[in-house]
Each structure stands twice: as structure tokens, then as C-alpha cells.
Amino acid sequence: MNVPRLVIAAPSSGSGKTTVATGLMAAFAGRGLAVSAHKVGPDYIDPGYHTLATGRPGRNLDAYMCGPELVAPLFAHGARGCDLAVVEGVMGLYDGASGQGELASTAQVAKLLRAPVVLVVDASSQSRSVAALVHGFASWDPQVRIGGVILNKVGSQRHEALLREALDESGVPVLGVLRRAEQVAVPSRHLGLVPVAERRGDAVGAVAAMRGQVVAGCDLEALMALARSAPAVPGEVWDAMGAVGACDGAVPLPAPSRNRVAVASGAAFTFSYTEHTELLAAAGAEVVPFDPLRDETLPEGTRGLVIGGGFPEVYASELSANEALRKAVAELVESGAPVAAECAGLLYLARSLDGLPMCGVLDAEGRMSERLTLGYREAVAVSDSVLAAPGTRVRGHEFHRTVLEPGAGAEPAWGLHQPERRVEGFVQQGVHASYLHTHWASAPGMAHRFVERCKG
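Sequential numbering of the sequence shown, starting at 2, is according to our numbering.
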């Protein structure tokens, strides 16, 4: 397939990638274009703002968790039928998985997609030096095509003139100049930006401000022309049905016989990859969202439960107060139904979180910690569970500021091999609960196995 596309990158974090990428998505969507939004890496929060800007699901492209071979197919799946795709990078352009070269870097993804790169440069503390910086990034890897620069945090017309004059000698065109604008700032806390689901009204205003700044300061015609210069996307288009169909013994159920799988949503559980629900549906599930902050019962007929990541520590009192739902979850677990929980879901299933009662399914106490646990992980399943057979190898990531003090009565879910060797998580009855976030597109057998267990 062929779709015009841009990768929005930067020399480092904090340069303004999210502002520019989200603003561009909203600006082109405002022109009536179907815009496909993507984020390099495992981050869950930025795609929420992308979804708000485009009206389409924001999707992740992670060459570590899914493998480089799936980057282009997953991109093509998300961008199918769109007029433009905008890919927001991660960290600095050439920063990837620690100690593994270019793996999972924005540069690697740009090369896999054959996409031109727009470099967003924080120019607030430089003038002529900007040319040396841009030249270095443009020449570092000849396979990465930097098609233009957007200068961010420019202080004045005089400052802009100095920057443009310097960049005239670099051969890299200036495609936009953004002035300092406080109204574009998005609030952050212990795990990054505050998710859209928690500040919907304010988030709409923030995205509108990003769009306004980009429209006022960027050459949208030149950016679209650059996007159209990209050649055809290499490889096949990923398909959830095909991925599940390739699993051993996979026979998707017809619609009338589908097993109902409840998926936690709402402000407390915002961390989920779109492909997970697509794979569950392809495996024969009827996916039904519910909000543990508001709903006092699970969806009628629930045969399986998926609780992803998010911020239960922020909403611990509200989650605890919903005693009826906590009891319903415990009863579902007691019935032997399959339950898959990641990070926030793990804490929700524990006995307590910061001293407040949770579902009490797992003999463990959760609490906030000052230490951030963050990074990619290699893992192998060490117990037979509703998600994986022993010996199944996956790649994932951890991202939390909580710790869990386990009691007894459960087997570990994963053996982790990076950065240190340890076991982690819980397998108990039909529960698989872990801090490890995984991307099921790289292991569709997880979705197939989970839905198969719903039949039981």
C-alpha cells in the first residue's frame, strides 16, 4: 500500500514532538483528511491525544516488543484507507532500547517505513549553532532522510531570522517556526502526561491550541508534499483475523456463539493497545468495555475479564468504594473464569492498595513508591496460564511507581531476563496478573488461548 506519511522526531526528549505531531494531526484532520496517528515505542498516553486530534485510534509502533518485521505491517493496518499518516517519535531520533543499537529507535522505525523525518528542534537557547546540530543529525545515518526542520520555542522575529540564516547553509528546509506558547502545555505527573480520559475538556482545548500553533507557524502544503514523497510501504498489511488464524488449532467462533469478554476502561484503566481488542474479537470474543469507577456490576454474561494498565493509585479511593464491583470480580475469579491483568489490573486484584481494600483476589499488598520502574524486558512464561504455556517467550515493558508485597498461594507468571534475572507476577486459578505490559500482536496466541479458556 502507499500512504503519505511523516515521522516527527527530535534531537532529545522535551523538544516539542508531541505538540508538533498532535498539532499536525489535528490541522490536517481539520482540513477533512483521514489522518492515521502512530507513536514510536510503548507509550500509552500520547496516543490518547492523537485519537482526540484525528478521531481515529492512536496506535503504537514498537520494534522491540513486536519485532522490526511487524512495524510496517502494523503501520499499514492502522493507516489503511487514510489520506495521511503522522508518526510521533520517541526520545531523541537515534535513541533506542538500552545497549541494543538502533533497535526500537525512531530512526529505525523511519527506515522500516521508508518515511521522511521532520526534525523538531528546541531553538530557545541557540542561534547559528542550530545548523551544526541539524547537520549532525541529517548526516549521522544516510538511510534516515531528514526532509525538513520545525523550529520550536522561537523567541522573536530577530531570533527566527538568525535561525533561518544559519539553516540556509545546511540544505535542510525550515518547514515551520513555533513561538513559545504556554497554553499548549499539558500537565504531567509521576508517569508522564495526564491521560486524555482524566481531563477530557481541558485536553480538547490543549489539542485545539496545538492545532492553532501549527496552522499559524507551519507550511502545511510543504509538509504534505514531503509526506507524499514517501514510496510504497514495504511488506504485507497486518490483519488480526489472519494473525489469530495462524495460531495452532484456531477456529474463531461464529457471532452468535461468541464469548463475552469484559475489558476495563475509564479514567483508571487507560493503558491498552488497540490491537488487543481486535485480536480478542478475531479469536471469537464479544468485547464489552466497562468502567470500574462507575459500573457496579460486570457486563451481563461475562466469561472473561481483561484489566489493563493505568493509574489505580490515583483512583484508589473510588475503586475501593465500589465494593459491589470488587465483589463481582472476586466471584468471577472464584468461578474459574480467565482473567488477564497488567500493572494497574494487577494492583486492582490485590488485597489492598495504599491501605485501601481492592478485589482481594491476590494475596498481596500494593503501595506507591518513590522509585520509577521503567524499561524493556525479556520474559519467559514459568507457569501454565490462560495467556501462555510454560516456556513461551515474549518481550514487554514495565512502567510503574508502585511495588507489590506478595503473600502466598500463587505461582509466578514470568521469568524476566533483563536487566536482572527474577520472577514476577501471579498465576492463580484462571488469573494471569503481572506488572509486565505486552503487545499481543507479537504473540496472537495469547488472545487465542484466552478466548479458548472462556469456553470452559
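We put the beta carbon where it would ideally sit given N, CA and C, even for glycine.
Own chain residues within Cβ distance below 6 Å of residue i, not counting five before or after
i, result
"residue 84", "34, 35"
"residue 418", "379"
"residue 343", "309, 310, 438"
"residue 184", "Low confidence applies here, because residue 184 scores a pLDDT of 46, under 50, leaving its location unreliable and the question unanswered by this model."
"residue 423", "417"
"residue 254", "Per-residue confidence for residue 254 stands at a pLDDT of 48, beneath the threshold of 50, marking its modelled position as unreliable; the derived number appears in the next sentence. Once the five neighbours on either side are set aside, the close Cβ partners of residue 254 are 285."
"residue 367", "348, 351, 354, 403, 405"
"residue 49", "196, 197"
"residue 112", "144"
"residue 95", "106, 108"
"residue 45", "272"
"residue 325", "297"
Inter-residue CB distance, residue i and residue j (contact presumed, cutoff 8 Å)
i, j, result
"residue 119", "residue 149", "5 Å"
"residue 310", "residue 345", "5 Å"
"residue 355", "residue 319", "About 13 Å; that fails the 8 Å criterion."
"residue 388", "residue 449", "Not quite, the Cβ-Cβ distance comes to about 10 Å (not below 8 Å), so this is no contact."
"residue 176", "residue 223", "5 Å"
"residue 451", "residue 341", "6 Å"
"residue 87", "residue 132", "Wrong, their Cβ atoms sit about 26 Å apart, outside the cutoff."
"residue 116", "residue 65", "19 Å between Cβ atoms; not a contact."
"residue 382", "residue 414", "7 Å"
"residue 454", "residue 339", "4 Å"
"residue 269", "residue 312", "6 Å"
Residues of its chain near residue i, where Cβ-Cβ distance is below 7 Å and the 5 sequence neighbours each way are ignored
i, result
"residue 370", "402, 403, 404"
"residue 288", "262, 264, 278, 281, 282"
"residue 360", "327, 330, 331, 349, 350"
"residue 292", "266, 267"
"residue 63", "42, 43, 105, 440"
"residue 374", "399, 401"
"residue 147", "118, 120, 138, 139, 173"
"residue 408", "364, 365"
"residue 357", "317, 318, 321"
Beta carbon proximity, residue i to chain D, threshold 8 Å
i, result
"residue 351", "Among the chains in the structure shown there is no chain D, since it carries only a single protein chain."
Span of the alpha helix (DSSP H) around residue i
i, result
"residue 433", "No alpha helix (DSSP H) holds residue 433; the beta strand (DSSP E) holding it covers 432 to 435."
"residue 371", "Unbroken run through residue 371 is the beta strand (DSSP E), 365 to 382; no alpha helix (DSSP H)."
"residue 158", "158 to 168"
"residue 348", "345 to 350"
"residue 48", "46 to 55"
"residue 327", "324 to 335"
"residue 265", "Not the alpha helix (DSSP H): residue 265 falls in the beta strand (DSSP E), residues 260 to 265."
"residue 241", "241 to 246"
"residue 312", "That residue, residue 312, is in no alpha helix (DSSP H); it is neither H nor E in DSSP."
"residue 453", "446 to 455"
"residue 25", "18 to 31"
"residue 135", "130 to 141"
Identity of the residues DSSP links to residue i by a beta bridge
i, result
"residue 396", "379"
"residue 147", "118"
"residue 177", "151, 219"
"residue 439", "397"
"residue 212", "Answer is none; residue 212 lacks a bridge partner."
"residue 357", "354"
"residue 10", "120"
"residue 403", "369"
"residue 306", "263, 340"
"residue 412", "428"
Span of the beta strand (DSSP E), counted from its first residue to its last, around residue i
i, result
"residue 37", "36 to 41"
"residue 415", "415 to 417"
"residue 270", "Looking at the DSSP string, residue 270 is not in any beta strand (DSSP E), and its letter there is neither H nor E."
"residue 423", "423 to 425"
"residue 76", "It is not in any beta strand (DSSP E) - residue 76 instead sits in the alpha helix (DSSP H) that spans 69 to 80."
"residue 89", "85 to 89"
"residue 280", "Segment 275 to 283 is the alpha helix (DSSP H) holding residue 280; no beta strand (DSSP E) there."
"residue 287", "286 to 291"
"residue 60", "60 to 62"
Check: residue i C-beta below 7 Å from any heavy atom of the ligand NAP
i, result
"residue 174", "This structure lacks the ligand NAP, and indeed carries no ligand of any kind."
Same chain, Cβ closer than 8 Å to residue i, neighbours up to 5 away in sequence not counted
i, result
"residue 179", "17, 20, 21, 151, 152, 153, 154, 155, 214, 215, 218, 219"
"residue 160", "124, 128"
"residue 73", "113, 114, 234, 235, 236"
Can we say the segment 301 to 313 touches the segment 259 to 267, given the rule of at least three CB pairs closer than 8 Å?
-> yes
May I ask you to verify whether the segment 230 to 237 touches the segment 62 to 78, counting CB pairs closer than 8 Å and requiring at least 3?
-> yes
Decide yes or no for the touch test of the segment 133 to 143 against the segment 169 to 181: beta carbon pairs closer than 8 Å, at least 3 of them.
-> yes
Within the chosen definition, does the segment 52 to 66 reach the segment 3 to 11 through at least 3 CB pairs nearer than 8 Å?
-> no
Three or more C-beta pairs closer than 8 Å, one from the segment 47 to 54 and one from the segment 213 to 229: is that the case here?
-> no
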